[in-house]
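The next block holds one structure in the form of structure tokens; read it before the comments.
Residue numbers (my numbering): 49 to 559.
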């Protein structure tokens, strides 16, 4: 603390004429008692003494004085304002006086990003090197913790503070209140540790730094504190990796709980995981079945799929067309088109033939960048194609005949679902070797999987509006002797009592 003390001393100057008057008064009183001869001696002595007094008072007369006849002593003190304490991370070059100054990150290549220049909500920050984790991103919160007290940051070994007046030195010379914390989640809002390996398909990762209100106080000084309001900053970060296909997403309805497939195959909120990127095993990927106007979305990591060019692919009479997904512009919608029954064929008992595709067929979907270079690809093999009769219902025999007229066949249970026989004998007993597809479900309805039937792969069929499926039971050629086994298109469950004389929907299979 700095003070300027100005002391002004004021004293009465004893004027010479006042002294003279006092001495003359004394002289007058004395004369009453002295004779004239004594007067001359006294007068001489008085003048002598007066001259000495006058000489002694000369220095006092040179001092500052007021006209007041009383002595005055006045003392005033004024405080000079210095500098407030501050946080600093570069030895005082930059003074942090707002919460935003605590919310920076620095990448391993030295790139320093602050809230003021953070644009990662639009374009994710990409880590400089492959294999890096978020532990390679520097921030004030230590890598071994999720938060730190501001008082720790101003203590050893950090000592991240300064005061231009030199205040705050010594034990308890400076204190701080407030906390700084970090939280990290993937794009599915699942918590992630800073040391965890990063997955491009779960990127961008959301790194949020949050500061509470902060107070920095020195024991002495004016001003002796700095205070600022808490704030937060969010950074979106992706690992450095080659763009990749993450998921192939058909209709997700009825794909959760005990209808969900194995976690290595099926994600209830994303669809089918990519099983192979090797051309020799594209057959492990979804889909293996198809029908006219069914579709799925490709979720792509590391690049905006809509920014790429996707050439149409046609194989064996079936075409895959890629467009931006209306559900998410970053994803690509793949629509399959191929042989289908016309409206007149659907309503006719003798529809005539429909083209049969050449199967199996391998489809490789390629996304190309602006320089026409292949950036990402996805391959699958279609093994079965289905022609749908729409909302038309008919009894068993005419339905079987209708499929044959097309050049197709009524499907078996295993062509449509992987529901397991014998789990619920009331509806799906194990008879005549009839069972669902493999990999099998553990219940009498489908569990989403690849290569395990049309309904198992594509899910609830009715939402594929242009494909013309209906939410009802579909005929199969499998029989328990007196009735047919039918399969429900919503959930793939099987019933044994499909009365041949009752009308149900139809879908025909090839081959």
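Beta carbons: idealized from backbone N, C-alpha and C, even for Gly. Since the model is a prediction, treat every value here as computed from it, not as a measurement.
- The DSSP-derived three-state label of residue 498 is coil.
- It is roughly 24 angstroms from the alpha-carbon of residue 288 to the alpha-carbon of residue 315.
- Boundaries of the beta strand (DSSP E) around residue 413: 409 to 416.
- Within the region 264 to 301, no complete alpha helix (DSSP H) segment of 4 residues or longer occurs.
- For the 8 angstroms CB-CB criterion, residue 385 and residue 341 form a contact.
- Taking the CA atoms as reference points, residue 129 sits about 5 angstroms from residue 270.
- With a contact defined as Cβ atoms closer than 8 angstroms, residue 471 and residue 497 miss out at about 16 angstroms.
- When the five nearest sequence neighbours on each side are left out, the beta carbons in the same chain lying within less than 6 angstroms of the beta carbon of residue 187 are those of 153, in order along the chain.
- Under the three-state reduction of DSSP output, residue 331 falls in the helix class.
- Of the residues assessed, residue 275 falls on the exposed side of the cut-off, its CB having fewer than 16 other CB atoms within 10 angstroms.
- The secondary-structure analysis by DSSP pairs residue 254 across a beta bridge with 233, 284.
- CA-CA distance, residue 220 to residue 203, rounds to 10 angstroms.
- Counted as a single uninterrupted DSSP element, the stretch harbouring residue 523 is not any alpha helix (DSSP H) but the beta strand (DSSP E) occupying residues 521 to 527.
- Per DSSP, the continuous alpha helix (DSSP H) segment holding residue 392 begins and ends at 391 to 395.
- Linking residue 549 to residue 530 through their CA atoms gives a straight-line distance of about 11 angstroms.
- For the region 412 to 458, the continuous alpha helix (DSSP H) assignments of 4+ residues that do not extend past its boundaries occur at 444 to 454, in sequence order.
- The straight-line gap separating the alpha-carbon atoms of residue 556 and residue 405 is approximately 13 angstroms.
- Shortest Cα-Cα distance from residue 407 to any of 426, 418, 434 involves 434.
- Collapsing the DSSP output to three states places residue 337 in a strand.
- Taking a C-beta distance under 8 angstroms as the contact criterion, residue 417 and residue 356 qualify as a contact pair.
- According to the DSSP secondary-structure assignment, residue 186 is paired through a beta bridge with 154.
- Taking residue 466 as the centre and dropping the five residues before and after it, the same chain places the C-beta of 484, 485, 486, 487, 488, 489, 494, 495, 497, 500, 501, 504, 540 closer than 8 angstroms to its C-beta, in chain order.
- Taking all protein chains shown into account, residue 141 has fewer than 16 neighbouring C-beta atoms within 10 Å of its C-beta and is therefore exposed.
- The beta carbon of residue 521 is closer than 6 angstroms to those of 534, 536, 552 in its chain, skipping five residues each way along the sequence.
- The DSSP-derived three-state label of residue 259 is strand.
- In the structure shown, residue 137 adopts coil according to DSSP, grouped into three states.
- In terms of Cβ geometry, residue 368 and residue 382 form a close pair [threshold 8 angstroms].
- Separation of residue 258 and residue 224 (C-alpha to C-alpha, rounded to the nearest whole angstrom) is 16 angstroms.
- In the structure shown, residue 372 adopts extended strand secondary structure according to DSSP, grouped into three states.
- The three-state reading of DSSP puts residue 380 in strand, counting E and B together.
- A straight line joining the alpha-carbon of residue 353 with that of residue 380 spans about 6 angstroms.
- Non-local beta-carbon contacts of residue 558 in its own chain, meaning distances under 6 angstroms to residues more than five positions away in sequence, involve 404, 433, 456 in chain order.
- The alpha-carbon of residue 303 is positioned some 18 angstroms away from that of residue 337.
- Using a 10 angstroms sphere on the CB of residue 290, the tally of other CB atoms stays under 16, which defines it as exposed.
- Bounds of the beta strand (DSSP E) holding residue 346 are 343 to 349.
- In the DSSP secondary-structure assignment, residue 209 is bridged to 135.
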